[in-house]
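One structure is given here, and the rest of the page talks about it.
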Amino acid sequence: MIGKSLRWGLIVFLMVVTVVPLLWLLMSSIKTEQELFNSPFSLPRSWSLANYFAVISDQPIFLYLRNSIIASLGATTVILAASLLASYALLHQFRLNKTVFLVLIFGILLPTNALITPIFLAFIKIGLYNSLLGLGLVYSGMFFPIGFLVVKGYVDSIPREIIDAGRSDGAGFHQVFRHIVAPLSVPGAATAGIFVMISAWNELFYALILTQDSSSQTVQVGMRYFLTTYNADYPLAFAFTVMSMIPTILVFVILSDRVVQAMTLGSLK
Amino acid sequence: MLIEIPRARLREGPAPRIDWKAVRQRLAVALYLFPGLALVMLFLVGPLIFVVALSTTNWIGIGVPKEIGLANFTDLFRDQSFVKSLINTIAWTLVGAFIQAPLSTLAALAMMRIKRGAKVIRTILVLPNVIAATALALLWYFIFNPTLGLLNGTLSSLGLSKLARPWLEDPQTALWATMVPFCLYVGFGMILISSAISTIPHEYYESAELDGATIRQQDWHITLPLIRPTVALLVLFNVSYGLRTFEYPFFMTGGGPANASSTMSLYIYNQMIVGLRFGASMAASVVTLLLGAVFMAAVFFALRRSDPLR
Chain H
1 MIGKSLRWGL
11 IVFLMVVTVV
21 PLLWLLMSSI
31 KTEQELFNSP
41 FSLPRSWSLA
51 NYFAVISDQP
61 IFLYLRNSII
71 ASLGATTVIL
81 AASLLASYAL
91 LHQFRLNKTV
101 FLVLIFGILL
111 PTNALITPIF
121 LAFIKIGLYN
131 SLLGLGLVYS
141 GMFFPIGFLV
151 VKGYVDSIPR
161 EIIDAGRSDG
171 AGFHQVFRHI
181 VAPLSVPGAA
191 TAGIFVMISA
201 WNELFYALIL
211 TQDSSSQTVQ
221 VGMRYFLTTY
231 NADYPLAFAF
241 TVMSMIPTIL
251 VFVILSDRVV
261 QAMTLGSLK
Chain D
270 MLIEIPRARL
280 REGPAPRIDW
290 KAVRQRLAVA
300 LYLFPGLALV
310 MLFLVGPLIF
320 VVALSTTNWI
330 GIGVPKEIGL
340 ANFTDLFRDQ
350 SFVKSLINTI
360 AWTLVGAFIQ
370 APLSTLAALA
380 MMRIKRGAKV
390 IRTILVLPNV
400 IAATALALLW
410 YFIFNPTLGL
420 LNGTLSSLGL
430 SKLARPWLED
440 PQTALWATMV
450 PFCLYVGFGM
460 ILISSAISTI
470 PHEYYESAEL
480 DGATIRQQDW
490 HITLPLIRPT
500 VALLVLFNVS
510 YGLRTFEYPF
520 FMTGGGPANA
530 SSTMSLYIYN
540 QMIVGLRFGA
550 SMAASVVTLL
560 LGAVFMAAVF
570 FALRRSDPLR
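Protein chains in written order, with the working numbering: chain H, 1 to 269; chain D, 270 to 579.
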């Protein structure tokens, strides 16, 4: 479709629009407000982390980070457990096998934001509003289909001979799962887990509506205060933004191959 | 092949003998399916049924829902901000399908022939896809800032300061400006398409080359026909994203000016949290779901129609 120069032109363009804004953000986050307004595009005059310390002292950012970790890790654990169990069950032949599979992945393309009102009203009624348990559960449901799809791809690729060998050695239904299928699915589960965790970490809509105060608000919700109450201090907003991005970027830098693999949705192994 | 489970009933007739081992195995399968099914029922299917059922009532969270027919829906279409949000959401899905997905595909086609540094490039392009849209939205809010933003700054340094404008405050540009980061960050789509390209046998390209096919012809006649289903999948993901897009308008414009960049998610949020109008928010949700069903059906239809083997 495209020749060599156009090919590189496109890729370089996409890289520039990715890298330049992020570097500009990083640079602006260590400037003073005055410096930012006087020379928004120059390198910072002095390398000072003052904005970062200001964020830490003014904002409950560690509380936000903690809440994000609990909600996203909790959801990831639930999703991986449920996905492994279901994927193993679907290895067996029974009449509704295909139907069950379709039910389990049906939510994958659902515009889930449309489901917020009944969940919100139900959570208020049963006391899950403004709680990390509630948010973690919602994320477990929202991101289950995509996590399950990736996990199932890996479980399905376990050679049948290994499972048959275990069965003929006398391993029962649960033992085959515990000693063969689950251990062999660890790489797949890790791939899916990273993907789900990043998705849950980055979620805003549900976190915004289902929480009320910093005891359960995530770091994404915390961000909005900078556009309302703190909109006077831009460098502070930049510093907060950088801090909110660090965890997922760190995971990505360390495990970029797995993240990329997850984005193939399990079609590559 | 699936693992066979013995039938639970061994002998038909007046005194059926039950194979308890088989029954236990079938129960175990059901048990293993339970957590996943419970999650889907509680948080996807259940709310879906409720939102549809309650959208025709005047329920506000307490008391007994009273059926009021389609009043919520007729009210919606009389609300200018809803109509605007609906049109904008349709625009988001169309941009996702006709701009973002083709750009991702082009990037994958380009990457396919880049050998040196491919891994570094890939890592950089995927990076924004692991960063929260919240952070990216805040970042682009500042990029579009009229005085200290990167965009107007770049334009004026290129001598194009005539083009500089308050992008997010101008009703002509606000909606399109909120879509820019979504369109430019093609990492996920590129990876998805690349994974499909990598399954195409090498021989196809080798024999095409022997026949003197140019790269353009190879892309057009070999690669694209073979990755159609994956491109369709990406379009589906983008449509689904377009229908629930929230962070960019919420942080960059708040839906303004005068609803010029509002979306369905933002409308639902405002009805619920600002207006406490749950009937309106549920009716708008049902419209969103219907829109999704129509778009997804259209994608499947288009995929079928364009099948070269049909």
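Ideal placement from N, C-alpha and C gives every residue a C-beta, glycine not left out.
Contact with chain H by residue i, beta-carbon distance below 7 Å
| i | result |
| --- | --- |
| Met551 of chain D | yes |
| Ile337 of chain D | no |
| Gly386 of chain D | no |
| Phe367 of chain D | no |
| Ser531 of chain D | no |
| Ser534 of chain D | yes |
| Ile287 of chain D | no |
| Gln294 of chain D | yes |
| Val298 of chain D | yes |
| Ala443 of chain D | no |
| Phe451 of chain D | no |
| Ser373 of chain D | no |
| Ser354 of chain D | no |
| Val309 of chain D | yes |
| Leu407 of chain D | yes |
Test: residue i CB closer than 7 Å to a CB of chain D
| i | result |
| --- | --- |
| Ile194 of chain H | no |
| Val260 of chain H | yes |
| Gln175 of chain H | no |
| Ala182 of chain H | no |
| Ala82 of chain H | yes |
| Leu14 of chain H | yes |
| His92 of chain H | yes |
| Ser68 of chain H | no |
| Phe62 of chain H | no |
| Thr76 of chain H | no |
| Gly166 of chain H | no |
| Ser157 of chain H | no |
| Gly107 of chain H | yes |
Within chain H, partners of residue i - CB distance below 9 Å
| i | result |
| --- | --- |
| Tyr589 of chain D | Chain D is shown from 270 up to 579; residue 589 of chain D falls before or after that span and cannot be answered. |
| Met541 of chain D | Ile116, Thr117, Phe120 and Ile209 |
| Gly383 of chain D | Here residue 383 of chain D is Ile; the residue named in the question, Gly, does not match the sequence. Simply Arg7, Trp8 and Ile11. |
| Ile496 of chain D | Chain H residues near Ile496 of chain D: none, gap ~11 Å exceeds 9 Å. |
Three-way DSSP call (helix, strand, coil) for residue i in this model
| i | result |
| --- | --- |
| Glu161 of chain H | helix |
| Ile287 of chain D | strand |
| Thr326 of chain D | strand |
| Ile30 of chain H | coil |
| Asn246 of chain H | The sequence given here places Ile at residue 246 of chain H; Asn does not occur at that position. Note: Ile246 of chain H maps to helix in three-state DSSP. |
| Ile331 of chain D | coil |
| Ile194 of chain H | helix |
| Glu336 of chain D | strand |
| Ile272 of chain D | strand |
Contact set between residue i and chain D, taken where Cβ atoms lie within less than 7 Å
| i | result |
| --- | --- |
| Tyr88 of chain H | Tyr301 |
| Val19 of chain H | Ile393 |
| Ser256 of chain H | Thr392 |
| Gln220 of chain H | Ala401 and Thr403 |
Chain-ordered chain H contacts of residue i [CB-CB under 7 Å]
| i | result |
| --- | --- |
| Glu516 of chain D | Leu204 |
| Gly422 of chain D | Pro40 and Phe41 |
| Val455 of chain D | Leu14 |
Within chain D, the residues that residue i reaches when beta carbons sit closer than 9 Å
| i | result |
| --- | --- |
| Arg160 of chain H | Met270 and Ile272 |
Chain H residues whose Cβ lies nearer than 8 Å to that of residue i
| i | result |
| --- | --- |
| Leu306 of chain D | Ala86, Val100, Val103 and Leu104 |
| Phe547 of chain D | Thr117 and Leu121 |
| Arg513 of chain D | Pro111, Thr112, Asn113, Ala114 and Phe205 |
| Ala277 of chain D | Ordered by position in chain H, no residue passes the 8 Å Cβ test against Ala277 of chain D, which lies about 10 Å from the chain. |
Partner residues on chain D for residue i, Cβ-Cβ distance less than 8 Å
| i | result |
| --- | --- |
| Ile198 of chain H | Val399 |
| Asn97 of chain H | Leu271 |
| Ser244 of chain H | Ala401, Thr403 and Ala404 |
Residue i at chain B interface by Cβ criterion, 7 Å
| i | result |
| --- | --- |
| Ala379 of chain D | The chain inventory of the structure shown lacks chain B, comprising the protein chains H and D. |
Check: Should the segment 323–342 of chain D be called in touch with the segment 393–413 of chain D, which here means at least 3 C-beta pairs below 8 Å?
Finding: With fewer than three CB-CB distances shorter than 8 Å, the segment 323–342 of chain D does not count as touching the segment 393–413 of chain D.
Note to self: With three or more C-beta pairs closer than 8 Å as the rule, is the segment 115–133 of chain H touching the segment 180–199 of chain H?
What the structure shows: Result no; under three Cβ-Cβ pairs closer than 8 Å.
Check: At a cut of 8 Å, does the segment 549–568 of chain D reach the segment 333–343 of chain D through at least three beta carbon pairs?
Finding: Because the criterion of three Cβ pairs below 8 Å is met, the segment 549–568 of chain D and the segment 333–343 of chain D touch.
Note to self: Against chain D, which members of the segment 16–43 of chain H pass a CB distance test of less than 8 Å?
What the structure shows: Cβ contacts with chain D: Val17, Thr18, Val19, Val20, Pro21, Leu22, Trp24, Leu25, Ser28, Leu36, Phe37, Pro40 and Phe41.
Notebook entry, point to check: Mind listing which residues of the segment 553–575 of chain D have their C-beta closer than 9 Å to chain H's C-betas, in chain order?
Noted result: Closer than 9 Å at the C-beta level to chain H, one finds these residues of the segment 553–575 of chain D: Ala553, Ser554, Val555, Val556, Thr557, Leu558, Leu560, Gly561 and Met565.
Next item on the list: Determine, using beta-carbon pairs with one atom in the segment 232–240 of chain H and one in the segment 152–165 of chain H, whether at least three such pairs fall under 8 Å.
Entry: Pairwise C-beta distances place the segment 232–240 of chain H out of contact with the segment 152–165 of chain H, as fewer than three of them are shorter than 8 Å.
Check: Of the residues that make up the segment 312–342 of chain D, which ones have a beta carbon closer than 7 Å to any beta carbon in chain H?
Finding: Within the segment 312–342 of chain D, those residues whose Cβ lies closer than 7 Å to any Cβ of chain H are, in chain order, Phe312, Leu313, Pro316, Leu317, Phe319, Val320, Leu323 and Gly330.
Notebook entry, point to check: Is the number of C-beta pairs between the segment 80–87 of chain H and the segment 145–152 of chain H that are closer than 8 Å three or more?
Noted result: Yes: at least three Cβ pairs fall under 8 Å.
Checklist line | Residues within the segment 140–153 of chain H neighbouring chain D, beta-carbon criterion of under 9 Å | finding: Residues of the segment 140–153 of chain H whose Cβ lies closer than 9 Å to any Cβ of chain D, in chain order: Ser140, Gly141, Met142, Phe144, Pro145 and Phe148.
Check: Is the segment 107–119 of chain H close to the segment 533–547 of chain D, with three or more CB pairs under 8 Å?
Finding: Inter-segment contact for the segment 107–119 of chain H and the segment 533–547 of chain D is present: three or more beta-carbon pairs are separated by less than 8 Å.
Notebook entry, point to check: When you check each C-beta in the segment 43–60 of chain H against every C-beta of chain D, which residues fall closer than 8 Å?
Noted result: For the segment 43–60 of chain H, the set of positions with a beta-carbon nearer than 8 Å to some beta-carbon of chain D is empty.
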